[in-house]
Every structure is written in C-alpha cells, then in structure tokens.
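Peer 1: Let me begin by handing over the structure; questions about it come next.
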Amino acid sequence: MHREAFWIERGNLRIVPILHEKVEFTRYVRLAIRETDPDFVAIELPPGIGKTYENAVARFPHLTYLANRAPEPSRPEAPPQDPFLFYRVEPTDPFAEAIRTAKDLSRAVHYVDLHLGYPSVPEPLPDTYSVYHLGLKAYWEEYRKTRPSFQSHLAKFMPQAVELDQMRERHMAYQVQQLCSRGRVVLVVGMAHVDGILKALEEGTAEPGEGLPEPKMKLFEPDVETIRSLSGEFPLIMTLHEFVRGGPGEDEFWLDPLPEPDEGVIQEGRGDPFARYTGKDAVSALESLLGLGSDRPDELELTPEQVKAISRYLMGIPDPHLSIESLLGDANAPDLEGAPQLARDIPVFKFKSCNERRGELRGIYEHLNGECRGEDGFLDRQKVFHHLCLLAGEFYEENTGDVFKRWQHRVLTQFARNYARVEGRLLPDLYQLVMCARGSVDHNYAYELWDLATFYPWAESNHGLPKLHIDGDTEGMEFRRWSFERRQPRLRQMGMRSRGEEKRPGEWKDAFRSGSICSYPPEDVVIEDYGRYLQKKSVLVMSEERTRVEPFSTSLLDGIDMRTTLRNWADGSKIYVKETQKTKGGTGSVVIIFDEDFGDQKFPWKMTWHGEHAQESDMAFYATNRFSKIIGPGIARCEYGGLMLTYPPRRLMDVWTDAYYRPMAKNKAEILLLAAIDYCLEKHVVYVAEKPPRSVFRTIASRLGKKIVYLPIGQLSPVSLKRIRVFHVLSGHHLRQIAKDYIW
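First residue of the sequence shown? That's 20 in our numbering, and the numbers climb one at a time after it.
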C-alpha cells in the first residue's frame, strides 16, 4: 500500500514531513502518532502562539482564526501600527490533527518553533493530490530532489530568509533534542525544514535561538464571507473531513434557517387569497401572481401615480428573492386600495442556497464521504470535485429550471483539466474550477458550484468571540474576488395586452380538428438564419482542418499563425505563417440533435414540413406532443428534440415512414441523419449533436459522394440553442395575425 504511515526516524525522534493546510497530509499525521505512540508530540509553532492555537483546536467544528488585533481597512494616510498577523486554524491542517490526536492519546504537546517575523516565501511544489496516489514517502523523496535548487535560488535573491530558516531549524533541533532525552518524540514539521533539523542534530549545531517577542494572539470567529474567500482548504473538503473526524455536531446546525410557514389568521371577511400560489413551481406561481394564468385575481384600476410608485418600489428591492410578503405585504410598499393584504408569509419563489438546504446537506455529506473515500479512509480530492460538479448541477436545475447536460459536464471537466495543466497542477484549485464552470455552463451554475464548495455548516456560533471580517480592502490582504452575474426573475412594468381565455375547456384544442397546421413565420426566419450560420461555421471548421503551417521564409501566405508562433517562440524565435486551402464542395443539409430520445418518451411527435417559398428549406423533426401545451385558439407551443433542414424546398418525402431508413437507424436522430445524406445536393452534411455519429454513417455518406461535418453542440451558444429550440404550431394561416398576442 502506498498510503501507509511514514516518518523519518533518528533515535527517539520521528519526523513527519507535511505541507501546511493540506488535507492529504492530515491522515498521515494521525497514523504516525498512533502507530509510534510517542511520549511527546512536537509541532512547528512558537510556544505563545501554539497555546492559543490549541485553544482554537478545542473549538472544532467551529472555525477560529488567531490574530494580534482586529483588522482595519487599508488607508495610505493611516498612522503606522503593528502589522496585522493572523493564523487560520482549520480541521484539515496537519498541525490541528497532531494536537487532536495527541489529546486523544493523552500525550503532551510541545511547541518548538522560534518567532522571527519570518517572511512568506512561496515555493513551487508538486500538486499535493499526488500524495493520494503515490503516498507520503514517494512525495517526500521527490521533494528532496528539487529542494536544493530552490534553496540555492533563495540564497541568491533572499539571503536573509535563508539565515532565518537556519536559525529556526537549529532552535527546533535543540528543542526536540531536549525532549528526546526524556522519551519518544513525534515532530510534525514542514518539509522545507526537515533536512535542516537533521543536519543540526547530526553536526551538533543545535542551539537555542533568541527570537522576537511573540505577539499576543487572540481568538476571533471568522464570518461567513471570510471563510468563503480566505480558507486555506476549501470548505467542502473541511466539512467532509470534520464530518468523519468529529461527527456532524449538534442537530441545530442541520435545521433550515427559515421554518415552514405556520397557519396564520386570515383577515376577517376574506378567504385565503394566496392559497392558489402555494404548491406550484416558480414559473406557475409567478404567472399566477402577474395575472397570466387562468386563475388570475381581479384586476385593479391603477392611477399613473400608483403605477410609478409600484415601479420605483420593485426596482428598489435589493433582495433577489421573491415572496408575497416582499410584493404585497411590505410596509414600505405603495398603498393600493382594494389589493389583497398579507396576513402571513407564504413563499412564492426563492432561490435556495446551501444555507437553506442544511437538512438536505447532512445526508449529502454522509453520502459523499462514502463515495469519495478509499477503503483505507483517505479522502480522494478528484472524486470530491466530480461529485461537486454533479451536485451543483442538481441545484442548478432546481433553482433555474435549466438542465445541466452531459456534454456541459464533459466540457467542464476537460476545461478544468487543461487549466490545471497550464498552471502545473494535477487538479484545478477552487478558483479555476469555478471559472471553468462559468465558461462551460453559465454564471448561475458557477454560483451553485461556488456556494456548495464554500459552504461551511458550522460557521456561525454563539460563543461570544469577536467576529473577524477580512476582505480585499483589509490591510495587507490580497486575494481573488468572486464575481457572478446570475439571471434572476425580476418584476418590471410592461405594456402587456390582455389575452383571451377559453369560453369552455378544450375550445382552443378543438381548433386543431381541421387537420391543417402551419408554422409561425418569425420563428421560421430564426431557424433558417441559424441553419445558414451552421453551414458557414462548418466551412470554417473544414478550412482549419486543411490549414498548413510552416516557418516564414519568403511569403506571408494567408497570414501569421500567432498560436504556433507563440507556442514555439522559446525554441528559436521563429515566425510561423499559415496557408488555408479552399474546401471543395458546398454545404447542404443541416441536422441538429438536442436529445436523441430513445423510446419516444419525451418527443413523440414526428413531422415532415415543406418550405412555403424559395427562402425556406424543407424540414423533418421530432418534438414534444403538440397537444400537450395549448396556449391559444389553435396555437400550441412545442420543443424540438431534433430537426433536419435540407435545401432547396419542396423535395422532401415523409422520412418517418420511409422503409429505406428503418433497417439502418437505431433512433430518430439517425433517421434524420440518413435523410440529410439522402436529400443533400451538396458535398457536405452538417451534423450537430452531443456525440458524433456512428462510423457506418460516414461510410454511407462516402459511398454517396458526401461527407459528414460533425460540430459538437457544446461549442455553440446555449442562448442561441434555447432560442431556436422552442417553436409554435398554428392550426391555420389565418391565426398568424393574432398569434403574437399569445406567444411570448
């Protein structure tokens, strides 16, 4: 096993080399202390700071930061004072685990470091995730190979830091030497100091040092924002570790902060005017509230002054959450005579954050600890990232109604992997992962991922400690800021005309009995334009595949290839030029597959449409049932599962009943692809889908003198795809004049 306990032994001394604030080393510290059963545990902290640090560890699972004073905002004109110092005390820090394990075994803890006001020196280190697969011993051996070169570099540019290091190492060697004379000692120390301590012990240069007066450190409780932005290990990892190490804690931390609304007293003479808003999804509740549904309330005649007052009030709501209380029962809201008044708080719609999922998260953390740990109990950071992305996708779907698709997950993981490689890491850090989520999906998904990854359930406590808030404006502090531009439901004044209602149930649906249907022209223009866009994009893709790059000699050809030039600049400062070869043959049919839909469950309606004039193409598609969502008299809203466009119009037979396609096609998407190949008059067929077509279709296309150009759907704009996916069906051309009153 690679993940067995490891320590460096010299007589009574066992040294456990670690990196600070990394969970991968925490379990090795615990294993080493338990297996060696020492008389003393020594830690690389000054005595004064160490005692306060120990008090902070006793407060777990609550987080505590040590600071010499409360921070202040950075001000150039501020008078000089002692520099702001602080230490993070987190469950995943190896020092904290050393103290906890020593207390479990009733062993004395000694703090052997020297306070010298040591400067922070970043050192390039291998990704700590490699410890999970290689083990601590292999990581330590590889680290020792690279340490001398960094040490010589440091001695050249920061000689004072090297001198302070050596003084600290001689002092720590002296302290552990004194302890070893009294019994067995386990020393938990940073990897950078191990060789220096061993050298001082072997050469007899260990001696006590004289450090600076230790600052008086105080206990502070970091607020939620500070934990989210400044934690050493990101909070989800800390939570999973502490959930196993110390347990879930008191039940009060797993209760949702907002209790369920209790039965209130409705005003006398009224029924409950808000009952129809409960038990609905967000969109239905909002439609009902705005009067768009069939159960809309009585309309009120408002004066222009009242309309302006409502508009100013809605625009000034700072909280993006919507509730009936915020809309109708707020004391600051404009007074509308005759409007329903709120007697109790009934939620209409609200984005749920992790703080409002506490009861749900307790079970989720238990599940993640089972899924993300090996048989030996070590936490696998890669599995945590994988489940974090999937779980954020579930919360994203619940809060926005959008679907977190498989191809988006695939693009996200590939983006994150490449980003990590560019930074010289095996796995991305939290900032990189969130930025990849924002680029691969959208800001809403990135926020859900960030919210879940940075939520620490035991952040708030009532133990009387002063609060600590640190942000980018705090003196001497610099860290990355998070920025999200989430799409949120908003209420705005709109010039809406009233929409008619059915005189009897089923009246609008009966309009389809005539058997004739047609499309809605504005949507035809959109889909045709998008089809032409895909044709042009496919030509660019094929041209890039046929581009030849060579070093510049006598001609610039089609221009400088900046990517290749920059990539190879370090090898000889050459300029590379490119020559784009023209693609032979045009582009004809276009196939777009949103969902393959095996089994006709989601998209059972299959149809073939002819273009009405020369500017339109013939189309075959499969979509949702046209009778499932009737929005007006003879007007239905549908959603494409997949579609095929072929030019010119008036040539397409009914592809869904064509016996020629059935033996070869396994699903509706493949029928559309076969039809696109069959009816295409040009050389190239564009195929947009989550995954490429089977190789047999490329063979069929080749035999017919055609070529399939595959475009991953993940490379296209999600906004554009959403725009073209929804369409409307009318029961006759006469409805095109009034359709705009029912289509939104």
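Just so you know, even glycine gets a beta-carbon here, dropped at the ideal spot from N, CA and C.
Roughly how many angstroms lie between the CA atoms of GLY412 and LEU255, to the nearest whole one?
Peer 2: 16 Å
Peer 1: Which residue marks the beginning of the alpha helix (DSSP H) containing PRO66, and which one marks its end?
Peer 2: 66 to 76
Peer 1: Regarding ALA695 and the ligand MG, is the C-beta to nearest heavy atom distance less than 7 Å?
Peer 2: As presented, the structure is devoid of all ligands, the ligand MG included, so that no description of it is given.
Peer 1: Leaving out five residues on either side along the sequence, give the residues of the same chain with a beta carbon under 7 Å from the beta carbon of PRO241.
Peer 2: LEU82, TYR84, LEU487
Peer 1: Let me know the secondary structure DSSP gives TRP763 once reduced to three states.
Peer 2: The answer is coil: DSSP assigns TRP763 none of H, G, I, E or B.
Peer 1: Answer yes or no: do LEU249 and ILE68 have a C-beta to C-beta separation smaller than 8 Å?
Peer 2: no
Peer 1: Hey, GLY209 and ILE37 are a contact pair by Cβ (cut 8 Å); roughly how many whole angstroms apart?
Peer 2: 6 Å
Peer 1: In three-state DSSP terms, what is ILE27?
Peer 2: strand
Peer 1: Does the beta-carbon distance from SER608 to MET663 come in below 8 Å?
Peer 2: By the CB criterion at 8 Å, SER608 and MET663 fall inside the cutoff.
Peer 1: Should LEU471 and LEU407 be called a contact, given that it needs their Cβ atoms to be closer than 8 Å?
Peer 2: Annotated as proximal: LEU471 and LEU407, with beta-carbon spacing under 8 Å.
Peer 1: Roughly how many whole angstroms lie between the Cα atoms of PHE169 and THR718?
Peer 2: In this structure, the alpha-carbon of PHE169 lies about 57 Å from that of THR718.
Peer 1: Secondary structure at CYS455, three-state DSSP: helix, strand or coil?
Peer 2: helix
Peer 1: Pull up the distance between the alpha-carbon of ILE696 and that of ILE612, whole angstroms please.
Peer 2: C-alpha separation (whole angstroms): 15 Å.
Peer 1: Near SER149, which residues of its chain fall below 7 Å by C-beta distance, leaving aside the five closest residues on each side in sequence?
Peer 2: TYR158, LEU445
Peer 1: Under a three-way DSSP split, which group does MET186 fall into?
Peer 2: helix
Peer 1: Please classify GLU182: is it buried, with 16 or more other beta-carbons within 10 angstroms of its beta-carbon, or exposed?
Peer 2: exposed
Peer 1: Can you tell me which of the three DSSP states VAL213 falls into?
Peer 2: helix
Peer 1: In chain order, what residues of the same chain have a beta carbon less than 7 Å from the beta carbon of PRO540, not counting five sequence neighbours either side?
Peer 2: ARG755
Peer 1: Who pairs with CYS699 in a beta bridge, going by DSSP?
Peer 2: According to DSSP, which records beta bridges pairwise, CYS699 is partnered with nothing at all.
Peer 1: By Cβ distance, which residues of its chain are closer than 7 Å to VAL42, with the 5 residues on each side in sequence left out?
Peer 2: Around VAL42: THR111, GLU252, ILE256, HIS260, LEU398.
Peer 1: So, are the CB atoms of ALA61 and VAL213 less than 8 Å apart?
Peer 2: no
Peer 1: Looking at the secondary structure, which residues open and close the beta strand (DSSP E) in which CYS657 lies?
Peer 2: 654 to 665
Peer 1: Looking at LEU133 and GLY228, is the spacing between their C-beta atoms short of 8 Å?
Peer 2: yes
Peer 1: Closest by CA to SER721, which one among VAL704, ILE732, HIS747, ALA192?
Peer 2: Relative to SER721, the option among VAL704, ILE732, HIS747, ALA192 whose CA is nearest is VAL704.
Peer 1: For a test of the three-state rule: what should DSSP assign to ASP548, helix, strand or coil?
Peer 2: helix
Peer 1: In three-state DSSP terms, what is PRO145?
Peer 2: coil
Peer 1: When you compare the CB positions of THR665 and CYS699, do they come within less than 8 Å of one another, or not?
Peer 2: yes
Peer 1: From TYR193, CYS537, ASP548, TYR552, pick the residue whose C-alpha is nearest to that of GLY223; which is it?
Peer 2: TYR193
Peer 1: So, GLY268 versus TRP477, is the Cβ gap smaller than 8 Å?
Peer 2: In this structure, GLY268 lies near TRP477, with their beta-carbon atoms less than 8 Å apart.
Peer 1: Which word fits HIS753, buried or exposed, when buried means at least 16 other C-beta atoms lie within 10 angstroms of its C-beta?
Peer 2: exposed
Peer 1: For chain D, is any of its Cβ atoms less than 8 Å away from the one on VAL422?
Peer 2: The structure shown has no chain D; it contains just one protein chain.
Peer 1: Does LEU259 come out as helix, strand or coil in the three-state DSSP assignment?
Peer 2: The answer is helix: DSSP assigns LEU259 an H, G or I state.
Peer 1: How is the alpha helix (DSSP H) around ASP275 delimited, first residue to last?
Peer 2: Per DSSP, ASP275 belongs to no alpha helix (DSSP H) and is neither H nor E.
Peer 1: Given GLU521, which residues of its chain have a CB within under 7 Å of its CB, disregarding the five upstream and five downstream residues?
Peer 2: These residues qualify, in order along the chain: TRP527.
Peer 1: Measure the alpha-carbon distance for ASN31 versus TYR464 and round it to whole angstroms.
Peer 2: 53 Å
Peer 1: Could you pull the start and end residues of the alpha helix (DSSP H) that LEU249 belongs to?
Peer 2: Its alpha helix (DSSP H) spans residues 243 to 249.
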